[in-house]
Amino acid sequence: MKITVKRVRDGYGSNWLCDNVEVGHSLKALPPSGVFTSRPTSRDFLLIAGGSGITPVMSIAKSALAAGDGDVVLFYANRNDSSVIFSNELNELAAKYPDRLTVVHWLESVQGIPTVTQLKNVLRLFSSYDAYVCGPAPFMAAALTALDQLGFPRERKHHERFISLESNPFDIEDALAEPDSPELSTEEITSAAAQSPPRTFRVQGQVAGAPFDHDDWAPDQMLLDFLLSKKLSAPFSCRAGECSSCMFRVVEGSVTMLHNDVLDDEDLDDGFRLACQSVPESEELTISYDF
Ligand code: FES
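Just so you know, we're using numbering that gives the first Met the number 0 here: the sequence shown kicks off at 0 and counts up by one.
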């Protein structure tokens, strides 16, 4: 087990890890989660990585090679040859799997930033493979456009976005601050309570194999907070709408999302929402974490 950390200017997590963690320290971590994985492994994989976007892609490559029997093609773009993360490990893998792994390096210092047309010219050779994309936003946009134009269907096109946290997770005062809420006078509160009894919503589904059905979800409570308050092991990480670890699918009903930096239009059309940013909209909601 290992993690890869690339120091990012002003990054909260990467700088803390690089500056503080030493051999012998213990860190508490959430378990791996998400759907950017190599399942099923019995496929041919087209992996498209830019810079540090190689980190999840490398895991997929190794899993696919170890557990599957298909081809693995890695298109890997970097600024120059000294910025290639995992170059030794990739050489070793290529030597170990000469018939199954092909690594195509693209160096900006030599070839420039890859355009959609250039990407299409390479990727079209593998149009029946399952594609996985991870990298900086402009690189991902070009790669996803190339895949779209080559006719890759939704179910064979996967991508992972990484976004830095916007607020400082080490700032305890910030983290404990009460969310802003409009101030109401005692009179307003009393008359509001008299007019409208507390309203709650019903939500049902399954989390980690545990079925649930509750009807006391408050209108201003995030779905993730509600599920956790019921001792359900709903997945999450950033709690800020920036990582998609808490993603679920709406089976019936609807929610309102307050913030979303990760799900794109296709995800939303497929019914995916972020539990850490969802408040109730319909009277009843059925959700699934099985996708
Ligand atoms: S936990 Fe990160 S988006 Fe919800």
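Beta carbons are placed, not taken as given, at the ideal position from N, Cα and C, and that holds for glycine.
Computed from a predicted model, the values in this text were never measured in an experiment.
Checklist entry - Once you ignore the five residues that flank residue 15 on each side, which residues in its own chain have a CB closer than 8 Å to its CB? => result Position 16 of the sequence shown, counting from 1, holds the residue named residue 15. 169.
Checklist entry - Can you name the start and end residues of the beta strand (DSSP E) that residue 200 belongs to? => result On the sequence shown, residue 200 is found 201 positions in, with the first residue counted as 1. Residues 200-206.
Next on the checklist: For the structure I just gave you, are there three or more beta carbon pairs, one from the stretch 60-73 and one from the stretch 143-161, closer than 8 Å?
Outcome noted: Counting Cβ pairs under 8 Å, fewer than three are found: no touch.
Next on the checklist: Closer than 7 Å to a non-hydrogen atom of the ligand FES - does that hold for the CB of residue 278?
Outcome noted: Mapped onto the sequence shown, residue 278 falls at position 279. Between the ligand FES and the CB of residue 278, the shortest heavy atom gap is not smaller than 7 Å.
Checklist entry - What residues match up with residue 4 in a beta bridge as DSSP calls it? => result For the purposes of this step, residue 4 is taken as the residue at position 5 of the sequence shown. In the DSSP output, where bridge partners are listed per residue, residue 4 has none listed.
Checklist entry - What are the start and end residues of the alpha helix (DSSP H) that includes residue 55? => result For the purposes of this step, residue 55 is taken as residue 56 along the sequence shown, with counting starting at 1. Going by DSSP, residue 55 is part of the alpha helix (DSSP H) stretching over 53-66.
Item to check | Helix, strand or coil at residue 90 according to DSSP, with G and I counted as helix | outcome: As a position in the sequence shown, residue 90 is number 91, starting the count at 1. Helix at residue 90.
Next on the checklist: Using the three-state DSSP reduction, which class does residue 169 fall into: helix, strand or coil?
Outcome noted: For the purposes of this step, residue 169 is identified with residue 170 of the sequence shown, where counting begins at 1. Per DSSP, reduced to three states, the secondary structure at residue 169 is coil, with no helix or strand assignment.
Checklist entry - How would you label residue 276, buried or exposed, when you count the other beta carbons within 10 angstroms and need 16 or more for buried? => result Translated into the one-based positions of the sequence shown, residue 276 becomes position 277. In the assembly as shown, residue 276 is a buried residue. Its beta-carbon has 16 or more other beta-carbons within 10 Å.
Checklist entry - At a cut-off of 7 Å, is residue 261 close to the ligand FES when judged by its beta-carbon and the heavy atoms of the ligand? => result Position 262 of the sequence shown, counted from the first residue, corresponds to residue 261. Result yes, Cβ under 7 Å from the ligand FES.
Checklist entry - Taking 7 Å as the cut-off, does the CB of residue 239 come closer than this to any heavy atom belonging to the ligand FES? => result In the sequence shown, the residue the question calls residue 239 occupies position 240. It does: the Cβ of residue 239 is within 7 Å (strictly closer) of some heavy atom of the ligand FES.
Checklist entry - What is the DSSP secondary structure of residue 247, reduced to helix, strand or coil? => result Counting from 1 along the sequence shown, the entry for residue 247 is found at position 248. Residue 247: strand per DSSP, three-state reduction.
Checklist entry - Going by Cα to Cα distance, which pick from 273, 126, 212, 150 is closest to residue 72? => result On the sequence shown, position 73 is the one that residue 72 refers to. Of 273, 126, 212, 150, the smallest CA-CA separation from residue 72 is found for 126.
Item to check | Short Cβ contact (8 Å threshold) for residue 217 with residue 231 | outcome: Sequence index remark: in the sequence shown, residue 217 carries index 218 (1-based). Sequence index remark: in the sequence shown, residue 231 carries index 232 (1-based). Taking 8 Å as the Cβ cut-off, residue 217 and residue 231 do not qualify as a contacting pair.
Item to check | Cα-Cα separation between residue 84 and residue 102, rounded to whole angstroms | outcome: Sequence index remark: in the sequence shown, residue 84 carries index 85 (1-based). Sequence index remark: in the sequence shown, residue 102 carries index 103 (1-based). Each residue's Cα considered, the two are about 13 Å apart.
Item to check | Segment contact flag, the stretch 27-47 with the stretch 104-117, C-beta cutoff 8 Å, min 3 pairs | outcome: With the cut-off at 8 Å, the stretch 27-47 and the stretch 104-117 do not touch.
Checklist entry - residue 267: which of 281, 89, 42, 250 sits nearest, CA to CA? => result Translated into positions along the sequence shown, residue 267 becomes position 268. Closest by alpha carbon: 250.
Checklist entry - Any contact of the stretch 156-165 with the stretch 74-82, i.e. 3+ C-beta pairs under 8 Å? => result The stretch 156-165 is not in contact with the stretch 74-82.
Checklist entry - Are the beta-carbon atoms of residue 58 and residue 5 separated by less than 8 Å? => result Counted from its first residue, the sequence shown places residue 58 at position 59. Counted from its first residue, the sequence shown places residue 5 at position 6. Their beta carbons are not under 8 Å apart, which means residue 58 does not touch residue 5 by this criterion.
Checklist entry - For residue 255, which three-state DSSP category applies? => result Counting from one through the sequence shown, the residue named residue 255 turns up at place 256. In this structure, residue 255 counts as strand in the three-state DSSP scheme.
Checklist entry - Relative to the ligand FES, is the shortest distance from any of its heavy atoms to the C-beta of residue 236 smaller than 7 Å? => result Here the question's residue 236 lines up with position 237 in the sequence shown. Residue 236 Cβ: within cutoff of the ligand FES.
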